[in-house]
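> Residue numbers (the working numbering): 140 to 450.
Each residue gets a CB set at the ideal place from its N, CA and C atoms; glycine is no exception.
Since we're looking at a predicted model, the values are computed, not measured.
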Ligand code: PMP
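1. Among residues of its own chain, excluding the 5 on either side of residue 430, which ones have a beta-carbon nearer than 6 Å to its beta-carbon?
2. Whose C-alpha, out of 320, 292 and 185, is nearest the C-alpha of residue 305?
3. When DSSP labels each residue in this structure, what does residue 183 get in the three-state scheme?
4. Quick one: grab the DSSP three-state call for residue 222.
5. Going by C-alpha distance, which of 261, 253 and 250 is nearest residue 221?
6. Got a sec? Which residues, its chain only, sit under 6 Å from residue 443 by beta carbon, not counting five neighbours each side?
7. Here's a check: name, in chain order, each residue in its chain whose Cβ is nearer than 6 Å to the Cβ of residue 469, leaving out the five neighbours to either side.
8. Among 254, 203 and 242, whose alpha-carbon lies nearest the alpha-carbon of residue 291?
9. Quick one, are the C-beta atoms of residue 372 and residue 366 less than 7 Å apart?
10. Among residues of its own chain, excluding the 5 on either side of residue 167, which ones have a beta-carbon nearer than 8 Å to its beta-carbon?
11. Who are the near neighbours of residue 248 in its chain, counting only those whose CB is closer than 8 Å to its CB and skipping five residues on each side?
12. Measuring straight from C-alpha to C-alpha, what distance separates residue 402 and residue 324?
13. Would you give the residue range spanned by the alpha helix (DSSP H) that residue 345 belongs to?
14. Return helix, strand or coil for residue 176, following the three-state DSSP convention.
15. For ligand 1, is there a heavy atom less than 6 Å away from the beta-carbon of residue 344?
16. Secondary structure at residue 91, three-state DSSP: helix, strand or coil?
17. Distance check for residue 336 and residue 417, CA to CA, integer angstroms please.
18. Please say whether residue 171 and residue 244 have beta carbons closer to each other than 7 Å?
19. Can you name the start and end residues of the alpha helix (DSSP H) that residue 303 belongs to?
20. Run the proximity test for residue 356: is its beta-carbon closer than 6 Å to any non-hydrogen atom belonging to ligand 1?
See below:
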């Protein structure tokens, strides 16, 4: 993998190879880290990146730090400033970026250690996956989504992601692209790192937030865009058997954008091709993220124009 010149560690911009964390830190030993994954979309006409829904990502990062009782949580303003600084320092242009922002316990205590808290940010070029266009095949996992009263998925703690890892590794070993989790009540939850939607009888349906899911920013975006396009949206519990009855289904998330699901457990959905509602919502999602349409300018934070305005 080719790496960029700079990353952020402990709030400072450093050469990529110097962005390291000590092996004795609680973050390394116990996964005591919370994080956000964000995207910056390149708009060729404006010659700028747009960070998508930065404020909402920062609210969630703040919640995750508070929930984990971190001492001296890193403030949102500082994270935003350092993210902009990092993209500008690397001089990126032309290709969409994926940004990982981690607040981690750098202290060397046990699993209960709460500080001091460090800030790490990486930004990597990440063009759109072919899966977004072509769709994928999913397996209902035999692994259960961790319940809220064990390790809440609402909190974006990196230790939670080993649950998703088990399901992903199993799904790919079995010849699928990814997995759909059921929760402890047997209801559809989400994918390993993305939320689940289905289209049935013209309604756009997604599991409500009491189904052991991350309160996804893309999920919220898709719900808003679907309503604006005139679709009825429903947030409710979804049974496993309903997956077979769906006309269309898709995953959504910062990394997955809007990715069509063509089959579940080898049973094709609808015609087995990318469905029309999925296609429409995917296009409107991409247009809003990239700034191809004026709508929802409040969701796009310019990277380079902001710097020019400041100078
Ligand atoms: N669920 C999980 C478990 C995730 O890790 C992600 C990715 N952050 C999502 C859903 C999608 O969330 P978002 O749209 O905020 O990226």
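Taking the geometry as given:
1. Looking up residue 430 in the chain shown gives position 291. Here the set comprises 182, 189 and 439.
2. As a working note, residue 305 is residue 166 in the chain shown. Nearest C-alpha to residue 305 among 320, 292 and 185: 320.
3. Locating residue 183 in the chain shown gives position 44, counting from the first residue. Here DSSP, grouped into helix, strand and coil, assigns residue 183 to coil.
4. Locating residue 222 in the chain shown gives position 83, where the first residue counts as 1. Judged by DSSP in its simplified three-state form, residue 222 adopts helix.
5. As a first step, residue 221 must be located in the chain shown, where it is residue number 82. Closest by C-alpha distance to residue 221, out of 261, 253 and 250, is 261.
6. Numbered from 1 along the chain shown, position 304 holds the residue referred to as residue 443. Cβ neighbours of residue 443 beyond the five flanking positions: 187.
7. Residue 469 lies beyond the range of the chain shown here (140 to 450); nothing can be said about it.
8. For the purposes of this step, residue 291 is taken as residue 152 along the chain shown, with counting starting at 1. Nearest option by C-alpha distance: 203.
9. If you number the chain shown from 1, residue 372 lands on position 233. If you number the chain shown from 1, residue 366 lands on position 227. The answer is yes: Cβ separation under 7 Å.
10. What you label residue 167 is simply residue 28 of the chain shown in a count that begins at 1. Here residue 167 has 160 and 161 as same chain residues with Cβ atoms under 8 Å from its own Cβ, once five neighbours each way along the sequence are excluded.
11. Start at 1 with the first residue of the chain shown, and residue 248 comes out as number 109. If we look at residue 248 and ignore the five residues flanking it on each side, its Cβ neighbours are 165.
12. Walking along the chain shown from the start, residue 402 turns up at place 263. Walking along the chain shown from the start, residue 324 turns up at place 185. Here the alpha carbons of residue 324 and residue 402 stand approximately 23 Å from one another.
13. For this step, residue 345 is matched to residue 206 along the chain shown. No alpha helix (DSSP H) contains residue 345, which is instead part of the beta strand (DSSP E) from 342–345.
14. Locating residue 176 in the chain shown gives position 37, counting from the first residue. Residue state, collapsed to three classes: strand.
15. What you label residue 344 is simply residue 205 of the chain shown in a count that begins at 1. Answer for residue 344: no, Cβ out of range of ligand 1.
16. The displayed coordinates of the chain run from 140 to 450. Any statement about residue 91 would go beyond what the structure contains.
17. Along the chain shown, one-based indexing puts residue 417 at 278. Along the chain shown, one-based indexing puts residue 336 at 197. Looking at the two C-alpha atoms, the distance is approximately 9 Å.
18. Reading the chain shown from its first residue, position 105 is the one you call residue 244. Reading the chain shown from its first residue, position 32 is the one you call residue 171. The Cβ atoms of residue 244 and residue 171 lie closer than 7 Å to each other.
19. Along the chain shown, read from residue 1 onward, the residue named residue 303 stands at position 164. In this chain, the alpha helix (DSSP H) harbouring residue 303 covers 300–312.
20. Taking the first residue of the chain shown as 1, we reach residue 356 at position 217. Yes, ligand 1 has a heavy atom inside 6 Å of this Cβ.
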